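S.K.: Throughout the sequence shown, residue numbering follows the numbering used here, covering 110 to 249 in sequence. From the three backbone atoms N, C-alpha and C, an ideal C-beta is built for every residue, glycine too. None of these values were measured; they are calculated from a predicted model.
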Amino acid sequence: MMLDRRLLLLPLVLLGLTGCENSATAYKIEGSEHALMLVREQRYFWSDEIEQAVVVARLPKCQRRVAIWPGSGAGPAMDVFEAGYQLWALQQGRRWYLASTEKCLVQDWADAPASPPGARVGTFRMRDGVMVFEPVQGAQ
């Protein structure tokens, strides 16, 4: 009898996992041990909100994960711009972040300029239901 109840709960548990996003993708800065990663986690299938974090890494010295504003299932995409020495500007919709692989920090950039601070190197985006990093042609 107890086993029968457990078997009845199994489809409910599996349904709870269906449709949840749990993805991560990286922009590995060519010629170095530096990387920026976008991590997205959807806790519940019925929620459109997706928790997001940016991971900055300068291996083996540091690796830090910092939560950023939530996203949705379709995005928005996150553009990555060069902003200085080992400094990157990230734009997702109307939100801007600064990520430093030198200092291993990520922070909101509330007073971002009207135009990007440097060349765009690529974009984190959903493609065919999977988060990818698409580099700009000719960029690192």
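Would you mind reading off the limits of the beta strand (DSSP E) that contains Ala219?
M.R.: Element bounds for Ala219: n/a, residue is neither H nor E.
S.K.: Considering only residues of the same chain and omitting the five flanking positions on each side of Trp205, which have a CB-CB separation below 6 Å?
M.R.: Trp218, Ala221.
S.K.: On the three-state DSSP scale, how would you describe Thr232?
M.R.: Of the three classes helix, strand and coil, the one that applies to Thr232 here is strand, per DSSP.
S.K.: Given a threshold of 16 other Cβ atoms within 10 Å of its Cβ, counted over all protein chains shown, does Phe233 qualify as buried or as exposed?
M.R.: Phe233 comes out buried.
S.K.: Would you decide whether Tyr136 is buried or exposed? Buried here means 16 or more other CB atoms lie within 10 Å of its CB.
M.R.: Classification of Tyr136: buried, given that the 10 Å Cβ count is 16 or more.
S.K.: For Gly202, count neighbouring Cβ atoms within 10 angstroms of its own Cβ and tell me buried if that reaches 16, exposed if not.
M.R.: Label assigned to Gly202: exposed.
S.K.: Measuring CA to CA, which of Gly184, Ser132, Gly231 is closest to Glu139?
M.R.: Nearest of Gly184, Ser132, Gly231 to Glu139, Cα basis: Gly231.
S.K.: Can you name the start and end residues of the beta strand (DSSP E) that Pro179 belongs to?
M.R.: Here the beta strand (DSSP E) through Pro179 covers 171 to 180.
S.K.: How is Glu158 classed by DSSP in three states: helix, strand or coil?
M.R.: Glu158 falls in the coil class under three-state DSSP.
S.K.: Evaluate Ser209 with the Cβ neighbour count: other Cβ atoms within 10 Å of its Cβ, from every protein chain shown; 16 or more gives buried, anything less gives exposed.
M.R.: Ser209 should be labelled buried.
S.K.: Using CA coordinates, which residue listed in Ile177, Gly180, Leu207 is at the minimum distance from Val189?
M.R.: Selected option, being the one with the closest Cα: Leu207.
S.K.: Nearest to Arg229 by CA position, among Val215, Cys213, Ala192, is which residue?
M.R.: It is Ala192 whose Cα lies nearest to the Cα of Arg229.
S.K.: Give a yes or no on whether the C-beta atoms belonging to Ala198 and Pro225 are separated by under 8 Å.
M.R.: Contact: yes.
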